[in-house]
Amino acid sequence: MNAALKAKNDEFYTLLTDIEKEMRYYRKHFKGKTVLCNCDDPFESNFFKYFVLNFNRLGLKKLIATCYHTSPIVGQQLQYRYDKDGQMSFLFGDELDEKYSEKHPYKAVVTKVYDTSGDGGIDMLDVAELFKSGENELTELEGDGDFRSQECLHLLDESDIVVTNPPFSLFREYVAVMMEHKKHFIIIGNSNAITYKEVFPLIMQNRLWLGVTRSGTGSMWFRIMDDFPEKSGQKIENGIRYQTIGNSAWFTNLDVKKRHEELILVKRYSPENYPSYTNYDAIEVSKVADIPCDYSGMMGVPITFLGKYNPDQFEILGLSSTMAKPIDECVEPDAEYIKGGPRFYVKEGHKKYKRCYDRIVIRNKHPEPPKEVK
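For the sequence shown, my numbering assigns the number 923 to the initial residue and increments by one for each residue that follows.
Here it is as structure tokens:
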């Protein structure tokens, strides 16, 4: 993903199964709402497919999808053209033209979905037929489809909830636009975005948090294009290439019940097991499972803690990268330690100090009373 960021290669396409797993926690939020997928090729994107095929079950009011003009998958499942009278027509499924080369961005606006074929079910053929009949709207965009363009911002203002996988390289800007327009959203990003100076304050203020099924641990598969560089963590199934990315995560500002589940704490504090930092007044907790249940002071925990964060149980106070004092001001002149950006250090021997990974500083709002010493 880091290489993709440097190369501005943002074409990672989310699998339908991953979308289904996460969206099931937000169903109550969608009823009567307008959903916007503003980084998604209509008919190509699995976000669009999920919402259009579940349009009635979710009780949506409207679904809107737009895409970039540079998207490499435009025209693989739907192709459109204009006749001499300026009327749009399009090809779908078996009708696709192999020589099709149009790459103009367009928007899809869905307000109704029903069984047009009478076969008892709803699929993408029914959806295509509703566009052909004009009951739903398919129109070409005036600009390039960038989510920051004025026409796309107008669509954003029309929507209630945004759900998509925005370009990795534009994540900061994307979140800023969502906040500026005061939108609810469910999006995918690199879990390292937690530490961005534009993102972490939103987490501290409980204006943004991690989703349910993906919080930066394990693996998540994405569809990639044929010209994507070959590297480890790839596979090919039915002629389609996939890349696994272990540090991807869902980000949202829609509250769900699971976010308020209490993290069960079983460990108790002792100075021997929880060393204090040399350059900050807090204790080191190297694993989320080791958070002591009876400690009332400040603790440094791994960033994976956010996948278990319950705002009713804990308070987030900051990041080690902004709270740590310069280590050279806190140790002996001839001390041994690994140099680098601001981090917490713990003493591990005579004049030796260990540099910790990034830490989130937290406090337990309701610590258990410590056990009495007999």
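Even glycine gets a Cβ: it sits at the ideal position worked out from N, Cα and C.
What are the boundary residues of the alpha helix (DSSP H) that includes residue i?
i: T988; result: Here T988 belongs to no alpha helix (DSSP H); instead the beta strand (DSSP E) covers 984 to 988.
i: V974; result: 968 to 975
i: V1049; result: 1046 to 1054
i: E1184; result: Segment: none, E1184 is in no alpha helix (DSSP H) and carries neither H nor E.
Leaving aside the five residues before and after residue i along the sequence, list all residues of the same chain whose C-beta is less than 6 Å from its C-beta, in chain order.
i: H951; result: L1176
i: R1281; result: G1222, S1242, F1266
i: N1058; result: V1032, L1052
i: N1195; result: none
i: I1260; result: R1277
i: P1197; result: E1206, V1268
i: F1107; result: V1084, M1100
i: S1081; result: T956, L958
How far does the beta strand (DSSP E) with residue i in it extend, from its first residue to its last?
i: E1059; result: 1059 to 1062
i: V1031; result: 1028 to 1032
i: F952; result: Element bounds for F952: not the beta strand (DSSP E) but the alpha helix (DSSP H), 949 to 952.
i: K1276; result: 1274 to 1277
Can you list, in chain order, the residues of its chain with a C-beta nearer than 7 Å to that of residue i? Leave out the 5 residues immediately preceding and following it.
i: K1287; result: Q1235, F1236, E1237
i: E1290; result: C1215, D1216
i: R949; result: L980
i: S947; result: This sequence places Tyr at residue 947; Ser is not what is there. Closer than 7 Å at the Cβ level, and outside the excluded window around Y947, lie V1134, V1178, K1180.
Compare the Cα-Cα distances from residue i to each of the options and report the closest residue.
i: N1232; options: K1247, L1130, A987; result: L1130
i: K1119; options: C961, R979, M1245; result: M1245
i: I1213; options: I1284, V1253, Y1036, F969; result: I1284
i: P1264; options: E1064, T1200, T1038, S1055; result: T1200
i: G1262; options: A1098, H1272, K1247, G1271; result: K1247
i: L1078; options: A1115, T1135, W1172, I986; result: I986
i: T1061; options: T988, D1250, L1075; result: T988
i: P1065; options: N978, R1190, K1029, F1227; result: Reading off the sequence shown, one finds Gly at residue 1065, where the question assumed Pro. The option with the nearest alpha carbon to G1065 is K1029.
i: Y1191; options: G1219, D1068, Y1202, D1203; result: G1219
Which one or two residues does DSSP pair with residue i in a beta bridge?
i: M1220; result: R1285
i: I1158; result: R1163
i: V957; result: L985, I1083
i: M1153; result: Going by the sequence as given, residue 1153 is Lys instead of Met. Beta-bridge pairing links K1153 to no other residue.
i: G1263; result: DSSP output for G1263 lists no bridge partner at all.
i: G1271; result: K1274
i: S1297; result: The chain is shown only over 923 to 1296; residue 1297 falls outside these bounds and no answer can be derived.
i: E1206; result: G1222
Only counting the same chain, and skipping five residues up and downstream in sequence, which positions put a Cβ closer than 8 Å to that of residue i?
i: Y972; result: L938, I941, E942, M945
i: T1117; result: I1225, L1241, S1243, D1280
i: E1183; result: N1232
> Considering only residues of the stretch 1229 to 1260, which uninterrupted alpha helix (DSSP H) runs meet the minimum length of 4 residues and lie entirely inside it, listed in chain order?
Replying inline: Whole alpha helix (DSSP H) segments, 4+ residues: 1242 to 1245.
> Which runs of the beta strand (DSSP E), 3 residues or longer, sit entirely within the stretch 1064 to 1131?
Replying inline: 1083 to 1086, 1106 to 1112
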